[in-house]
Each structure stands twice: as structure tokens, then as C-alpha cells.
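Q: Note that the sequence shown covers residues 1084 to 1275 in the working numbering.
This is the structure I want to talk about, given as C-alpha cells.
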Amino acid sequence: MNGLQAIRERILDEARQAAARIDEQAEKQVGEILATAEQDKTKIVTEAEIKAEKQAEALLARARSTALMESRKTLLEARQQMIDRAINGAVEQIRTLPEEQRIAYYRDLIASSSIKNGEIILSAADRHLADRLLKGRDDLRLSDEIGRFNGGLILRRGQVEDNLTLAIIIAGRRPELVRAAADILFPDDNAE
């Protein structure tokens, strides 16, 4: 039994050594797998952080761009309001000129018209100027119609009208008036 015992011991010893080698190899493989998993985890986390940072930067850039556009829009709206007020103020100054200056202005309007005879339509506020405006002009007469406008006049001959109201004059010259008002109100914008 000694021989059998020795064989048995040797087989058990070899089995123990094989089991130890398998355990050692398994532990080594588990270590390699864990190390690779740790590297993958670090890589994934780093990539996620980089992606999140890029997304945050893009979001911040969009927010800045939106804020800048809103700021420009607000500035343009404020400037447009200032220009509109300047133009409206100029119209009001013309509309409230002293009577003799307003009559002279209206005579200039009549002289610029292609209608040389007919009738003149004035607003209710300007009708009292008619006698002085038409003095010495047999080619024009005051219309019975009262104009529903705020300054200026309309010349009519038959079915043809020349609308010389302040609203129409301003509307027709608005682009150049806006540019002139902007040049005065915002001179730094024109510096080159």
C-alpha cells in the first residue's frame, strides 16, 4: 500500500499544483480583466467629461450668441424709436410753424406740383390760412372738402390729385430722412 499511497500522494500533489497554477492563472486573468476594465472605465469617463465639456461650451456659446443678438435687437429697436421720434418731431415743427412760414412752405409745395389750377384741400387746422395762401392766385380755389390729414395740402384738378400732405411727403422720403436722423443721432456709426 505504500506504493499505492505514494502514487495517490503524487497524483494529489500534482492535482494541487495544477489547481494552484489554475488559481494563479485565473487570478492573473481576473487582474488583467479588471485592469482593462479600469482603463476602459477611465477612458469612457474621460470621453464623457470631454463630451459634456464640449456640449457645455457649445451651449454657452449659443447662449452668448443669443444674448448678443437680443442685445443688438434691443439696441436697434431703441435707435429706431429715437429716429422715429426725431422724424415725428420734425413733422410737428413743420406743422406748427408760425403761420407766415407755414404759408410760405405751402406755397413752395404748390409751386412744386404739376397741377397749376384747380382746387386746394386744407385740413381743418389750416383752413383759416386759405385767403392768405391763395392771395393773388386766380388759378386755385379752396375746396369745400376738409382734409383729414395733419399738415400739408392736396391739390386737385378734376379727377387728378397731387397729395402734398406731410404724411405722404414723409413716407416718400422716409429712407433719406431715417439716414439723416441716424447721421445726426449716431455720428460715431458713420466714422470710418
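Don't be surprised by glycine CBs; every beta carbon is placed ideally from N, CA and C.
None of these values were measured; they are calculated from a predicted model.
Determine which residues share a DSSP beta bridge with Glu1202 and list them.
A: Locating residue 1202 in the sequence shown gives position 119, where the first residue counts as 1. Arg1224, Arg1239.
Q: Please state whether the Cβ-Cβ distance between Leu1268 and Met1165 is less than 9 Å.
A: Taking the sequence shown and counting its residues from 1, one reaches residue 1268 at position 185. Taking the sequence shown and counting its residues from 1, one reaches residue 1165 at position 82. Contact: yes.
Q: Is Leu1159 helix, strand or coil when you go by DSSP?
A: Position 76 of the sequence shown, counted from the first residue, corresponds to residue 1159. The answer is helix: DSSP assigns Leu1159 an H, G or I state.
Q: Would you mind reading off the limits of the alpha helix (DSSP H) that contains Gly1230?
A: For the purposes of this step, residue 1230 is taken as residue 147 along the sequence shown, with counting starting at 1. Segment: none, Gly1230 is in no alpha helix (DSSP H) and carries neither H nor E.
Q: Can you check which of these residues, Gln1163, Arg1190, Leu1236, is closest to Arg1039 by C-alpha distance?
A: Missing from the structure shown is residue 1039; the chain here goes from 1084 to 1275 and no further.
Q: If we define contact as Cβ-Cβ less than 9 Å, is Thr1119 a contact residue for chain B?
A: Given the protein chain composition of this structure (a single chain), no chain B is represented.
Q: Between the Cα of Asn1246 and those of Ala1089, Arg1257, Ile1198, spot the shortest distance and give me the residue it belongs to.
A: Counted from its first residue, the sequence shown places residue 1246 at position 163. Nearest C-alpha to Asn1246: Ile1198.
Q: Starting from the C-beta of Ile1186, find all residues in its chain whose C-beta is less than 7 Å away, skip the five residues before and the five after it, and write them out in chain order.
A: Counted from its first residue, the sequence shown places residue 1186 at position 103. Excluding sequence neighbours, Ile1186 sits near Leu1212, Arg1215, Leu1216.
Q: So, using beta-carbon positions, are Gly1201 and Arg1224 closer together than 9 Å?
A: Mapped onto the sequence shown, residue 1201 falls at position 118. Mapped onto the sequence shown, residue 1224 falls at position 141. In contact: Gly1201 and Arg1224 (Cβ atoms closer than 9 Å).
Q: Unbroken alpha helix (DSSP H) runs of length 4 or more, entirely within the segment 1094-1169: which are they?
A: Restricted to the segment 1094-1169, not a single alpha helix (DSSP H) segment is unbroken, complete and at least 4 residues in length.
Q: When you compare the CB positions of Ser1196 and Leu1159, do they come within less than 9 Å of one another, or not?
A: Working through the sequence shown from its first residue, we reach residue 1196 at position 113. Working through the sequence shown from its first residue, we reach residue 1159 at position 76. Not closer than 9 Å, so no.
Q: Taking C-beta to C-beta, are Gly1036 and Ile1204 nearer than 9 Å?
A: This structure cannot settle anything about residue 1036, because the visible part of the chain is limited to 1084 through 1275.
Q: Please classify Leu1180: does DSSP put it in a helix, a strand, or coil?
A: In the sequence shown, the residue the question calls residue 1180 occupies position 97. Looking at Leu1180 - three-state DSSP - the assignment turns out to be coil, as it is neither helix nor strand.
Q: Helix, strand or coil for Asp1214 per DSSP?
A: Sequence index remark: in the sequence shown, residue 1214 carries index 131 (1-based). Looking at Asp1214 - three-state DSSP - the assignment turns out to be helix.
Q: Would you list the one or two residues that DSSP bridges to Asn1246?
A: Stepping through the sequence shown from its first residue, residue 1246 is reached at position 163. Ile1237, per the DSSP bridge assignment.
Q: Rounding to the nearest angstrom, what Cα-Cα distance links Glu1092 and Ala1120 in this structure?
A: On the sequence shown, residue 1092 is found 9 positions in, with the first residue counted as 1. On the sequence shown, residue 1120 is found 37 positions in, with the first residue counted as 1. For Glu1092 and Ala1120, the distance between alpha carbons rounds to 41 Å.
Q: Look at the alpha carbon of Ile1133 and the alpha carbon of Lys1124, and state the distance between them as a whole number of angstroms.
A: Along the sequence shown, one-based indexing puts residue 1133 at 50. Along the sequence shown, one-based indexing puts residue 1124 at 41. Roughly 14 Å between the two C-alpha positions.
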